[in-house]
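Residue numbers (our numbering): 532 to 670.
Ideal placement from N, C-alpha and C gives every residue a C-beta, glycine not left out.
As the structure is a computational prediction, the values presented were derived from the model and not from experiment.
What follows is a set of notes on a single structure, which appears directly below.
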(Lines of atoms letter the chains of each structure in order from A and count residues from 1; the text may use other names and numbers.)
(Lines give C-alpha, C1' and ligand atoms only; values in the text may rest on other atoms or scores of the structure.)
Protein backbone atom coordinates (compact mmCIF):
# COMPACT_ATOMS: atom_id res chain seq x y z
CA UNK A 1 0.00 0.00 0.00
CA UNK A 2 2.82 2.44 0.84
CA UNK A 3 4.26 2.07 -2.65
CA UNK A 4 0.90 2.66 -4.30
CA UNK A 5 0.00 5.64 -2.11
CA UNK A 6 3.37 7.35 -1.71
CA UNK A 7 5.37 6.10 -4.67
CA UNK A 8 8.73 4.39 -4.81
CA UNK A 9 11.70 3.97 -7.11
CA UNK A 10 11.07 0.80 -9.09
CA UNK A 11 13.30 -1.05 -11.53
CA UNK A 12 13.32 0.35 -15.06
CA UNK A 13 10.05 -0.76 -16.62
CA UNK A 14 8.32 -1.79 -13.41
CA UNK A 15 8.47 -4.94 -11.31
CA UNK A 16 7.60 -7.57 -13.92
CA UNK A 17 10.04 -9.96 -15.62
CA UNK A 18 11.52 -11.09 -12.27
CA UNK A 19 11.82 -7.56 -10.86
CA UNK A 20 13.80 -6.18 -13.82
CA UNK A 21 10.82 -4.90 -15.74
CA UNK A 22 10.44 -5.10 -19.51
CA UNK A 23 12.70 -2.07 -20.04
CA UNK A 24 15.39 -3.50 -17.76
CA UNK A 25 15.21 -6.72 -19.75
CA UNK A 26 15.54 -4.77 -23.01
CA UNK A 27 18.43 -2.71 -21.66
CA UNK A 28 20.20 -5.87 -20.53
CA UNK A 29 19.70 -7.44 -23.96
CA UNK A 30 21.03 -4.31 -25.70
CA UNK A 31 24.18 -4.33 -23.55
CA UNK A 32 24.65 -8.04 -24.29
CA UNK A 33 24.23 -7.39 -28.02
CA UNK A 34 26.70 -4.47 -28.06
CA UNK A 35 29.39 -6.05 -25.90
CA UNK A 36 28.93 -9.64 -27.08
CA UNK A 37 27.50 -10.14 -30.53
CA UNK A 38 28.70 -6.86 -32.10
CA UNK A 39 32.26 -7.43 -30.87
CA UNK A 40 32.20 -11.04 -32.14
CA UNK A 41 32.57 -12.31 -28.58
CA UNK A 42 30.42 -14.55 -26.43
CA UNK A 43 27.20 -13.31 -24.90
CA UNK A 44 24.71 -14.17 -22.21
CA UNK A 45 24.90 -17.77 -21.00
CA UNK A 46 27.99 -18.45 -23.14
CA UNK A 47 30.23 -16.12 -21.09
CA UNK A 48 32.21 -18.48 -18.87
CA UNK A 49 35.75 -19.63 -18.30
CA UNK A 50 36.60 -23.29 -18.41
CA UNK A 51 39.84 -25.21 -18.15
CA UNK A 52 39.70 -25.75 -21.91
CA UNK A 53 39.20 -22.16 -23.06
CA UNK A 54 38.84 -18.53 -22.01
CA UNK A 55 35.46 -16.83 -21.94
CA UNK A 56 36.03 -14.66 -25.06
CA UNK A 57 34.53 -11.72 -23.21
CA UNK A 58 33.80 -8.66 -25.38
CA UNK A 59 33.83 -4.98 -24.49
CA UNK A 60 31.95 -2.08 -26.05
CA UNK A 61 32.76 1.57 -25.38
CA UNK A 62 30.74 4.55 -26.50
CA UNK A 63 31.45 8.27 -26.42
CA UNK A 64 28.53 10.68 -26.46
CA UNK A 65 28.81 14.34 -27.37
CA UNK A 66 26.36 15.68 -24.78
CA UNK A 67 26.29 19.08 -26.44
CA UNK A 68 24.77 17.52 -29.57
CA UNK A 69 21.64 17.17 -27.41
CA UNK A 70 21.77 20.02 -24.88
CA UNK A 71 24.28 22.46 -23.38
CA UNK A 72 26.77 20.76 -21.05
CA UNK A 73 25.94 23.05 -18.11
CA UNK A 74 22.26 22.14 -18.43
CA UNK A 75 23.11 18.43 -18.55
CA UNK A 76 25.24 18.75 -15.39
CA UNK A 77 22.49 20.69 -13.62
CA UNK A 78 19.90 18.08 -14.53
CA UNK A 79 22.20 15.26 -13.42
CA UNK A 80 22.69 16.93 -10.03
CA UNK A 81 18.91 17.28 -9.77
CA UNK A 82 18.46 13.59 -10.63
CA UNK A 83 20.98 12.55 -7.98
CA UNK A 84 19.23 14.74 -5.39
CA UNK A 85 15.90 13.10 -6.29
CA UNK A 86 17.41 9.64 -5.89
CA UNK A 87 19.05 10.54 -2.56
CA UNK A 88 15.76 12.00 -1.26
CA UNK A 89 13.95 8.72 -1.86
CA UNK A 90 12.86 6.83 1.23
CA UNK A 91 15.34 4.09 1.98
CA UNK A 92 14.58 0.80 3.65
CA UNK A 93 15.03 0.97 7.40
CA UNK A 94 18.70 1.05 8.35
CA UNK A 95 19.80 1.36 4.72
CA UNK A 96 21.25 4.19 2.63
CA UNK A 97 20.45 4.98 -0.99
CA UNK A 98 23.50 5.03 -3.25
CA UNK A 99 23.64 6.21 -6.84
CA UNK A 100 25.89 4.40 -9.34
CA UNK A 101 29.53 5.37 -8.81
CA UNK A 102 29.00 7.03 -5.42
CA UNK A 103 30.74 4.35 -3.35
CA UNK A 104 33.67 4.28 -5.78
CA UNK A 105 34.02 8.07 -5.66
CA UNK A 106 34.05 8.03 -1.85
CA UNK A 107 36.62 5.22 -1.86
CA UNK A 108 38.85 7.17 -4.26
CA UNK A 109 38.56 10.28 -2.10
CA UNK A 110 39.61 8.26 0.96
CA UNK A 111 42.49 6.56 -0.90
CA UNK A 112 43.82 9.91 -2.11
CA UNK A 113 43.85 11.17 1.49
CA UNK A 114 45.25 8.16 3.35
CA UNK A 115 46.58 5.82 0.67
CA UNK A 116 45.69 2.30 -0.37
CA UNK A 117 45.71 -0.33 2.38
CA UNK A 118 47.92 -3.34 1.66
CA UNK A 119 48.17 -6.52 3.71
CA UNK A 120 51.59 -6.89 5.38
CA UNK A 121 52.27 -10.18 3.56
CA UNK A 122 51.55 -8.50 0.20
CA UNK A 123 53.77 -5.54 1.12
CA UNK A 124 56.60 -7.90 2.08
CA UNK A 125 56.30 -9.69 -1.27
CA UNK A 126 56.21 -6.40 -3.22
CA UNK A 127 59.31 -5.21 -1.37
CA UNK A 128 61.10 -8.52 -1.99
CA UNK A 129 60.41 -8.15 -5.72
CA UNK A 130 61.49 -4.49 -5.58
CA UNK A 131 64.84 -5.54 -4.12
CA UNK A 132 65.24 -8.26 -6.76
CA UNK A 133 64.77 -5.79 -9.61
CA UNK A 134 66.61 -2.91 -7.94
CA UNK A 135 63.81 -0.40 -7.40
CA UNK A 136 62.81 1.52 -4.30
CA UNK A 137 60.84 -0.39 -1.66
CA UNK A 138 57.37 0.72 -0.60
CA UNK A 139 57.02 2.18 2.87
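query	result
Sub-7 Å separation of residue 591 and residue 565 beta-carbons	yes
Through-space distance from residue 587 to residue 571, alpha-carbon basis	9 Å
Helix, strand or coil at residue 503 [DSSP, three-state]	Shown here, the chain extends from 532 to 670; a query on residue 503 therefore has no answer.
For residue 637, the three-state DSSP class (helix, strand or coil)	helix
Buried versus exposed, by CB contacts within 10 Å (16 or more), residue 555	buried
Straight-line gap, residue 625 to residue 615 (C-alpha atoms, nearest Å)	19 Å
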